[in-house]
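> First, the structure itself, so that you have it in front of you.
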Amino acid sequence: MKDENCISSSSIFRRASTGRAFGLLFVDHTIRVLVGLSFLLSVFCFLFLSDTLYAQDYWQQTNGPYGGDVLSLAVSASGNVFAGTRGGGVFLSTDNGTSWTQVNTGLTNTSVWALAVGGTNLFAGTLGGGVFLSTDNGTSWSAANTGLTNTTVMAFAVSGLNLFAGTLGRGVWRSVLLTLPPAPTLISPADGASNLSTAPLLTWSQVSGAVKYHLQVSSSPSFLTMVVNDSTLTSTSRQLGSLAHGTKYYWRVRAKNEAGYGQYSVTMEFHDRSAHLATDIYNLGVREEFHQPDS
2 MKDENCISSS
12 SIFRRASTGR
22 AFGLLFVDHT
32 IRVLVGLSFL
42 LSVFCFLFLS
52 DTLYAQDYWQ
62 QTNGPYGGDV
72 LSLAVSASGN
82 VFAGTRGGGV
92 FLSTDNGTSW
102 TQVNTGLTNT
112 SVWALAVGGT
122 NLFAGTLGGG
132 VFLSTDNGTS
142 WSAANTGLTN
152 TTVMAFAVSG
162 LNLFAGTLGR
172 GVWRSVLLTL
182 PPAPTLISPA
192 DGASNLSTAP
202 LLTWSQVSGA
212 VKYHLQVSSS
222 PSFLTMVVND
232 STLTSTSRQL
242 GSLAHGTKYY
252 WRVRAKNEAG
262 YGQYSVTMEF
272 HDRSAHLATD
282 IYNLGVREEF
292 HQPDS
């Protein structure tokens, strides 16, 4: 393998022809190197990378953000770029910096010194406001400072499920990252159940760590119109009121923990007793009409 060398008055840079790594050797100010033939090179030299490694020798400015000094950056798993600024809060770019949108709803302190992504969560460390959490790509923020006595957060680091926060004058703090809860399993009534009362009891499985459940019941499979839209439930059941006669209903549930809401369960449907009875009466009428003897 062929080696290439560049020499300055104080250092030798060495690159193998693969271009995968550079080594730096400190030598005397007067250096003599043999490269094929012995000669002394000048202070200036060029380093070239091989085809397997490329390096940009220039920077191109993005289109913003224009809202304060940029103090921190973070990139989500989906490729969204977040910029924390001094006084302008957080900006979001979904197109590699071509455009930026301010995303500060709920962020009561807009001096953002640190940003970090942990799973589906985005954290902002602020100057005097502590830590803020967003579970929806910065659309909304809420404070997450339980146990944190120093609210000037200068730096973040994520390791597995641990979030570390470096503070001003009070050292490093650690928080365990929470993941969004899984979807509950719908138990009763069974999918497609019929001949139910007009006030059925809906039940679903308990989700570990959940503090609330959100139940939706609709007469539309796309949930465009809501019969029940209850996000205050702390138990795993809900007794419905009197439902309309002759209607098919669809229902689903999602759980919420301290990290936010998880995904909805699968959608299931049920029919009330009157819907089943109406169908039977209609079918009976058709049969009677079909079998009516001629006079």
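Using my numbering, read the sequence shown as starting at 2 and increasing by one per residue.
Beta carbons: idealized from backbone N, C-alpha and C, even for Gly.
1. Quick check on R239: does DSSP put it in helix, strand or coil?
2. Please name the residue, chosen from Y251, L203, G247 and T233, that lies closest to S223 on a Cα-to-Cα basis.
3. If I'm right that F83 touches L93 with Cβ under 8 Å, what's the distance once you round it to whole angstroms?
4. Once DSSP output is grouped into helix, strand and coil, what is the label at T199?
5. Going by the DSSP bridge assignment, what does N1 pair with across the sheet?
6. Given a cut-off of 8 Å, decide if G131 and A144 are closer than it, judged by their beta-carbon atoms.
7. Assess, as a yes-or-no matter, whether the stretch 202–222 is touched by the stretch 138–154 under the definition of 3 or more beta carbon pairs within less than 8 Å.
8. Give me the Cα-Cα distance between S238 and G68, rounded to the nearest whole angstrom.
9. Would you mind working out which of P190, G193 and P185 sits nearest K257, comparing C-alpha positions?
10. Entirely within the stretch 78–150 and at least 3 residues each: give me those beta strand (DSSP E) ranges in chain order.
11. By the DSSP assignment, the beta strand (DSSP E) with V228 in it spans what residues?
12. Helix, strand or coil, according to DSSP, for A166 in the structure here?
13. Using only the alpha-carbon positions, how far apart do L108 and G89 sit?
14. Quick check on L244: does DSSP put it in helix, strand or coil?
15. Just checking my contact of A260 with T136 at CB under 8 Å: how many whole Å lie between their CB atoms?
16. Hey, S243 and A194: beta-carbon distance below 8 Å or not?
17. Would you list the one or two residues that DSSP bridges to E270?
18. Output the distance between the C-alpha atoms of V232 and M269, rounded to the nearest integer angstrom.
19. Going by the C-beta, is G148 closer than 7 Å to any heavy atom of the ligand FAD?
20. Measuring CA to CA, which of Y265, K249 and R253 is closest to H272?
21. Measuring CB to CB, does A125 end up less than 8 Å from G98?
22. Helix, strand or coil for F49, going by three-state DSSP, please let me know.
23. When we look at the beta-carbon of S266 and count the other beta-carbons within 10 Å, is it buried (16 or more) or exposed?
24. Please go through the same chain and pick out, in chain order, the residues whose beta-carbon is closer than 6 Å to the beta-carbon of L187, but skip the five residues on each side of it.
25. For the beta strand (DSSP E) that contains W174, what are its first and last residues?
26. Compare the beta carbon distance of S77 and L116 with 8 Å and say whether it is the shorter of the two.
27. Among all the DSSP beta bridges, which residues are the ones paired with Y262?
28. With a threshold of 6 Å on Cβ separation, who are the neighbours of Y214 within its own chain once the five nearest residues in sequence on each side are excluded?
In brief:
1. strand
2. Checking every option, the nearest Cα to that of S223 belongs to Y251.
3. That pair is a contact at about 6 Å.
4. Reduced to three states, the DSSP call for T199 is coil.
5. This structure leaves residue 1 out entirely; the chain is present only between 2 and 296.
6. Yes.
7. no
8. 48 Å
9. P185
10. Listed in chain order, the complete beta strand (DSSP E) runs (minimum 3 residues) inside the stretch 78–150 are 82–86, 90–94, 113–119, 122–127 and 131–135.
11. M227 to L234
12. strand
13. 10 Å
14. L244 sits in coil when the DSSP states are folded into three classes, being neither helix nor strand.
15. 6 Å
16. Result no, Cβ atoms of S243 and A194 do not sit closer than 8 Å.
17. Note: E270 sits in a beta bridge opposite Y251.
18. The residue asked about is misnamed: residue 232 is Ser in this sequence, not Val. Whole-angstrom Cα-Cα distance: 18 Å.
19. The ligand FAD is absent from the structure shown, which contains no ligand whatsoever.
20. K249
21. no
22. At F49 the pLDDT is 37, less than 50, meaning the model places this residue with poor confidence and gives no usable figure here.
23. buried
24. W205, S266 and M269
25. In the DSSP annotation of this structure, the continuous segment of the beta strand (DSSP E) that includes W174 starts and ends at V173 to V177.
26. no
27. K257
28. L234, V254 and A256
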